[in-house]
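In what follows, a single structure is set out as structure tokens and then discussed.
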Amino acid sequence: MKTAFKYAAQAAVLIAVMLGLMWLLGGRTHSTSATIRVDAKADKVFSFLLDPSLRRTWMGDVESIESLNGLTDAVGASSEVRTVIDSKPVQVKEEIIELEPEQLLRVRSEIPWATWTTNFALEASQSGTQVHRRTYTQYHRLWRFWSLFFGDPIGDYQQNQLDSLRQAVDAS
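Start counting the sequence shown at 16; every next residue gets the next number (our numbering).
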């Protein structure tokens with residue numbers, strides 16, 4: 016009887032460990048959002064989201080943005096963004112997956128350890144444009160574990176980028 020109980024206890028521990036590992040390493044989508052108001056019309060703000068030279072003015076540590084298929088402002092447009100993350104050069108592959116001029120831009124981005132989709136929704140008013148940014152990040156492999164800890168830094172980063180967008184639009 017003691018032997019059967021011992022094996023059952025070991026099996027229960029093994030199952031618990033396996034379930035824990037599956038939870039840690041399983042699919043994990045992390046979502047963050049940020050919003051700003053810009054004192055400019057939606058068409059001007061939208062151009063800062065699409066035009067590679069204007070994007071570089073507010074995106075931070077971006078060295079270059081190169082089109083991979085000659086498109087920059089249509090669904091299917093893909094580009095390579097060369098940037099720096101944690102003091103290391105990184106190449107980000109991007110593709111526009113949805114576009115409604117002056118209203119919505121949805122971009123899918125990939126790096127070796129994550130794929131994310133960023134939605135920029137613009138709401139025009141007489142006094143300016145409200146920009147809502149929401150990002151859904153899917154971490155790959157062991158990075159899924161680290162996604163548990165990335166919530167606030169990513170949200171802060173998004174808000175800082177939107178603040179930079181507002182400053183760039185205001186300065187133009």
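Using N, Cα and C, we set each Cβ at its ideal position, and we do this for glycine too. Since we're looking at a predicted model, the values are computed, not measured.
Environment of residue i [buried if 16+ CB atoms lie within 10 Å]
{"i": "ASP167", "result": "Note that ASP167 scores a pLDDT of 49, beneath 50, so its modelled location is shaky and nothing firm can be said."}
{"i": "ALA31", "result": "exposed"}
{"i": "LYS83", "result": "In the sequence as presented, Lys is not what sits at residue 83; that position holds Leu. Label assigned to LEU83: exposed."}
Spatial distance of residue i from residue j (CA atoms)
{"i": "THR130", "j": "LYS108", "result": "9 Å"}
{"i": "VAL28", "j": "SER102", "result": "41 Å"}
{"i": "GLN145", "j": "ALA23", "result": "59 Å"}
{"i": "GLY85", "j": "PRO67", "result": "12 Å"}
{"i": "ALA136", "j": "HIS147", "result": "5 Å"}
{"i": "SER46", "j": "LYS21", "result": "43 Å"}
{"i": "GLU138", "j": "ARG52", "result": "9 Å"}
{"i": "ALA6", "j": "ALA26", "result": "Outside the displayed span of the chain (16 to 187) sits residue 6, for which this structure offers no information."}
Short Cβ contact (8 Å threshold) for residue i with residue j
{"i": "VAL99", "j": "VAL105", "result": "yes"}
{"i": "GLU110", "j": "ARG97", "result": "no"}
{"i": "ILE112", "j": "SER94", "result": "no"}
{"i": "GLN153", "j": "THR44", "result": "yes"}
CA nearest to the CA of residue i, picked from the options
{"i": "GLN174", "options": "ARG149, SER82 and THR132", "result": "ARG149"}
{"i": "LEU114", "options": "GLY143, GLU78, PHE61 and SER82", "result": "PHE61"}
{"i": "LEU119", "options": "TRP73, THR133, THR47 and HIS155", "result": "THR133"}
{"i": "LEU64", "options": "ALA19, ASP88 and THR18", "result": "ASP88"}
inquiry  = Count Cβ pairs between the segment 175–185 and the segment 63–77 that sit closer than 8 Å; are there 3 or more?
reply    = Yes, they touch.
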